[in-house]
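Heads up: the protein sequence lines correspond to chains A and B, in order.
Counting in numbering that gives the first Met the number 0, the first sequence runs from 0 upward without gaps.
Counting in numbering that gives the first Met the number 0, the second sequence runs from 0 upward without gaps.
Yeah, the Cβ is synthetic: ideal placement off N, Cα and C, and Gly gets one too.
Quick caveat, the model's predicted, so the values are computed rather than measured.
Protein chains: 2
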Amino acid sequence: MVLCMDATPRLREQACFALYTASRAVIGLYRPLLDRLGLTYPQFLVLMALWESDGRTVTDLGDALQLDSGTVSPLLKRLEAAGFVERRRGSNGDERRVTVHLTESGAALESRGCEITQVVGGASGMSHDELIALRDKLNEFTQAIRTRETATE
Amino acid sequence: MVLCMDATPRLREQACFALYTASRAVIGLYRPLLDRLGLTYPQFLVLMALWESDGRTVTDLGDALQLDSGTVSPLLKRLEAAGFVERRRGSNGDERRVTVHLTESGAALESRGCEITQVVGGASGMSHDELIALRDKLNEFTQAIRTRETATE
DNA sequence: CACGATTGAGTTGTGCACAATTAAGTTGTG
DNA sequence: CACAACTTAATTGTGCACAACTCAATCGTG
Numbered sequence: 000m001v002l003c004m005d006a007t008p009r010l011r012e013q014a015c016f017a018l019y020t021a022s023r024a025v026i027g028l029y030r031p032l033l034d035r036l037g038l039t040y041p042q043f044l045v046l047m048a049l050w051e052s053d054g055r056t057v058t059d060l061g062d063a064l065q066l067d068s069g070t071v072s073p074l075l076k077r078l079e080a081a082g083f084v085e086r087r088r089g090s091n092g093d094e095r096r097v098t099v100h101l102t103e104s105g106a107a108l109e110s111r112g113c114e115i116t117q118v119v120g121g122a123s124g125m126s127h128d129e130l131i132a133l134r135d136k137l138n139e140f141t142q143a144i145r146t147r148e149t150a151t152e
Numbered sequence: 000m001v002l003c004m005d006a007t008p009r010l011r012e013q014a015c016f017a018l019y020t021a022s023r024a025v026i027g028l029y030r031p032l033l034d035r036l037g038l039t040y041p042q043f044l045v046l047m048a049l050w051e052s053d054g055r056t057v058t059d060l061g062d063a064l065q066l067d068s069g070t071v072s073p074l075l076k077r078l079e080a081a082g083f084v085e086r087r088r089g090s091n092g093d094e095r096r097v098t099v100h101l102t103e104s105g106a107a108l109e110s111r112g113c114e115i116t117q118v119v120g121g122a123s124g125m126s127h128d129e130l131i132a133l134r135d136k137l138n139e140f141t142q143a144i145r146t147r148e149t150a151t152e
């Protein structure tokens, strides 16, 4: 049990609120750029994961994005309807598994997608080194939280 | 136009993805704690804004949380249905404005809510000073992005 | 081999986010 | 005063997130 010594926690003083706001702000910056490709930010993340390594399973993609099948499945359905990926069930002899493969059209977005990440990075007002430091700090933060996830009383 | 010198942008190297993941992770840490109060994280943010200053308008709350009326209105409807706030239209002579007021029940959550922010801060694995530094860095980041929002080509 | 336990993907239901729109109320200007 | 421009909150529609669940396929053990 933690005693609350402070007065009212103020919104602007909360690190978690800053995180929540920053995350939405940067996705908002991606939005108009990704719109031209017909993608949302989570869809873009899936494509990034596939550009890195094509033919991954749904579970593997979920692990990479930290999303469960309830989020990933419909997301993949939309990406498939848009013609950017193709799903194949049982492609490795296990009829439960579905592997996801880039179409020509999905693979072709890679260079434009890469440009977009550069544009957004540039708009952050931070140097490359600062961005790396921030990223590492955030990953450290996420890691710490995940290890304590169920441990909070 | 920014040239893409790099190879495929890797998911784990992206600061924006780290931000997106960290934000969801910390909200996930709040979730079981807020569940006991019958609140979601955005609902908790609204209450924090009201504990800080009660009787704010919908627009004012939206500015504080960086959310538009399309998000805030239904959120307030649920908070009202749960008995934590009350909405009053035209309370200041302007029939367009709706002011939002804490009920006794909503005001009573403040100390338990404060405790929760402390618990979550403690689970971050960071010192108070580190958290403040991270928060300031994130707010700086958000500010930089907001000024460049429409300026990206 | 039988069969309970587990795995993998998908579905359902709720609650954000956000764009676009609506509708009522207010303000500014001629 | 008239009326167009603006403000304010709410609604509609789409797409995440996430919990809870379903169901088929596979695995582990006797």
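Query, Result
"Can you grab the Cα-Cα spacing for the pair A:Thr116 / A:Ala122, in whole Å?", "10 angstroms"
"To be precise: take each residue of the stretch 113 to 124 of chain B, compare its Cβ to all Cβ atoms of chain A, and keep it if any distance is under 8 angstroms. Which residues remain?", "Cys113, Glu114, Thr116, Gln117, Val118, Val119, Gly120, Gly121, Ala122, Ser123 and Gly124"
"Could you name the residues that DSSP lists as bridge partners for A:Leu44?", "A:Leu44 pairs with nothing; no bridge assigned."
"With DSSP run on the structure shown, which of helix, strand or coil describes A:Leu38?", "coil"
"Name the residue from B:Leu78, B:Gly105, B:Ser72 and B:Ser110 whose alpha carbon lies nearest to the alpha carbon of B:Val97.", "B:Ser72"
"Three-state secondary structure (DSSP) at A:Glu79?", "helix"
"In whole angstroms, give me the CA-to-CA distance for B:Leu109 and A:Thr7.", "The sequence as given places Glu at residue 109 of chain B; Leu does not occur at that position. Answer to the nearest angstrom: the Cα atoms are 7 angstroms apart."
"If we ignore side chains and look at the alpha-carbon of each, how far apart do A:Leu2 and B:Leu32 end up?", "Low local confidence applies: a pLDDT of 49 at A:Leu2 is under 50, so the model's placement there is unreliable, with the coordinate-based value given in what follows. Rounded to the nearest angstrom, the two C-alpha atoms are 15 angstroms apart."
"Answer with buried or exposed for B:Ser68, where buried requires no fewer than 16 other C-beta atoms within 10 angstroms of its C-beta.", "exposed"
"Does the stretch 133 to 142 of chain A touch the stretch 19 to 33 of chain B, meaning 3 or more C-beta pairs lie closer than 8 angstroms?", "yes"
"What do you get for A:Lys136, buried or exposed, if any count of 16 or more other CB atoms within 10 angstroms of its CB means buried?", "buried"
"With a CB to CB cut of under 7 angstroms and the five nearest residues on each side skipped, what residues in its chain are close to B:Leu130?", "Gly120 and Ser123"
"Among the candidates A:Leu38, A:Cys113, A:Arg134 and A:Leu18, whose CA atom is the shortest distance from the CA of B:Gln65?", "A:Leu18"
"Keeping to the same chain, check which residues put their C-beta closer than 7 angstroms to that of B:Ala81; ignore five residues upstream and five downstream.", "Gly37"
"Give me the Cα-Cα distance between A:Arg147 and A:Ser90, rounded to the nearest whole angstrom.", "37 angstroms"
"Where does B:Asp33 sit, in a helix, a strand or coil, going by DSSP?", "The identity of residue 33 of chain B in the sequence shown is Leu, whereas the question assumes Asp. In the structure shown, B:Leu33 sits in a helix (DSSP, three-state: H, G or I)."
"Can you tell me where the beta strand (DSSP E) holding B:Thr98 begins and where it ends?", "Val97 to Leu101"
"Please tell me whether A:Leu133 and B:Ala14 are closer than 8 angstroms, where the distance is taken between their beta carbons.", "yes"
"Taking Cβ positions, are B:Gly101 and B:Leu49 nearer each other than 8 angstroms?", "Before going on, a small fix: residue 101 of chain B reads as Leu here, not Gly. Yes, the pair counts as a contact, with Cβ atoms nearer than the cut-off."
"Do B:Gly54 and B:Val84 have their C-beta atoms within less than 8 angstroms of each other?", "no"
"For A:Leu46 and B:Arg95, what's the separation of their Cα atoms in angstroms?", "45 angstroms"
"Looking at chain B, is there any beta carbon in it that lies within less than 8 angstroms of the beta carbon of A:Leu36?", "no"
"Just to confirm, are A:Leu44 and B:Phe16 a CB contact at a threshold of 8 angstroms?", "yes"
"Work out the CA separation of B:Ser52 and B:Gly92 for me, nearest whole Å.", "20 angstroms"
"Could you tell me the distance, in whole angstroms, from the CA atom of A:Leu74 to the CA atom of A:Arg88?", "17 angstroms"
"Could you confirm whether any beta carbon from chain B is found closer than 8 angstroms to the beta carbon of A:Pro73?", "no"
"Please report how far the alpha carbon of B:Thr171 lies from the alpha carbon of B:His127, in whole angstroms.", "Residue 171 of chain B cannot be examined here, being either before or after the span of chain B that is shown, 0 to 152."
"So, is A:Thr70 buried or exposed, given that buried needs 16 or more other C-beta atoms within 10 angstroms?", "exposed"
"I want to see whether chain B comes within less than 8 angstroms of A:Arg55, judged by CB atoms only; does it?", "no"
"List the residues of chain A whose Cβ lies closer than 9 angstroms to the Cβ of B:Ala106, in chain order.", "What B:Ala106 touches in chain A: nothing, since even the nearest Cβ is about 11 angstroms away."
"Look at the Cβ atom of B:Arg86, then the Cβ atom of B:Val99, and state whether they are nearer than 8 angstroms.", "yes"
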